[in-house]
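Remarks on the structure that follows.
Residue numbers (the working numbering): 7 to 165.
Given below as structure tokens:
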């Protein structure tokens with residue numbers, strides 16, 4: 007069984023971020039460990055009680071880790087946090103959330119996240135969701151000039 011620490015450590019090791027934003031106890035521990043061993047990395051820590059107060063961030067971050075946070079925020083505040091991280095703050099996001107009726111699979115899918123793994127156990131089910139701007143909007147075969155009614159207008163007019 008993979009723990010949240012192990013899952014996030016694997017993500018951070020794969021991403022190799024130069025800039026990192028963390029929110030939550032486990033995310034902070036994993037981020038601290040990364041920055042301790044990679045002195046060139048910079049980490050921003052968000053307050054779990056009011057994470058949206060930190061926005062806008064001073065620069066776009068490479069990776070965001072969120073744990074132990076969404077369960078304590080209203081659904082609206084949680085959506086704002088994830089939306090700000092996704093739209094203005096980071097290239098990649100990893101969120102570990104406890105099973106609760108407040109946050110469903112469809113909430114994350116609607117925000118562009120993918121379910122990566124089921125963590126925890128029966129008494130404390132956790133789910134890992136990830137978002138990556140590079141793989142979020144996949145290329146579509148039909149989205150090219152060959153499939154347009156007026157291919158000569160491709161890229162020339164925006165209405």
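Note that beta-carbon positions come from the ideal geometry of N, C-alpha and C, so glycine has one too.
Residue i vs residue j beta-carbon contact at 8 Å
i	j	result
residue 87	residue 99	no
residue 101	residue 77	no
residue 123	residue 96	no
residue 137	residue 116	no
residue 21	residue 72	no
For residue j and residue i, the rounded distance between their alpha carbons
i	j	result
residue 47	residue 135	23 Å
residue 18	residue 11	10 Å
residue 49	residue 56	18 Å
residue 132	residue 59	26 Å
residue 34	residue 108	24 Å
residue 14	residue 41	14 Å
residue 155	residue 161	13 Å
residue 32	residue 114	20 Å
residue 106	residue 158	51 Å
Residue i beta carbon near the ligand NAP (any heavy atom closer than 7 Å)
i	result
residue 63	This structure lacks the ligand NAP; in fact it carries no ligand of any kind.
Coarse secondary structure for residue i, derived from DSSP in three states
i	result
residue 133	strand
residue 146	coil
residue 65	coil
residue 110	coil
residue 20	helix
residue 52	strand
8 Å contact criterion, which residue i and residue j should meet: CB distance rounded
i	j	result
residue 38	residue 54	About 15 Å separates the two Cβ atoms, so there is no contact after all.
residue 121	residue 111	6 Å
residue 79	residue 8	Rounded, the Cβ-Cβ distance is 25 Å, inconsistent with contact.
**Item:** At least 3 beta-carbon pairs within less than 8 Å: the region 23-35 vs the region 52-65
**Value:** Here the region 23-35 makes contact with the region 52-65; the two share three or more CB pairs at distances below 8 Å.
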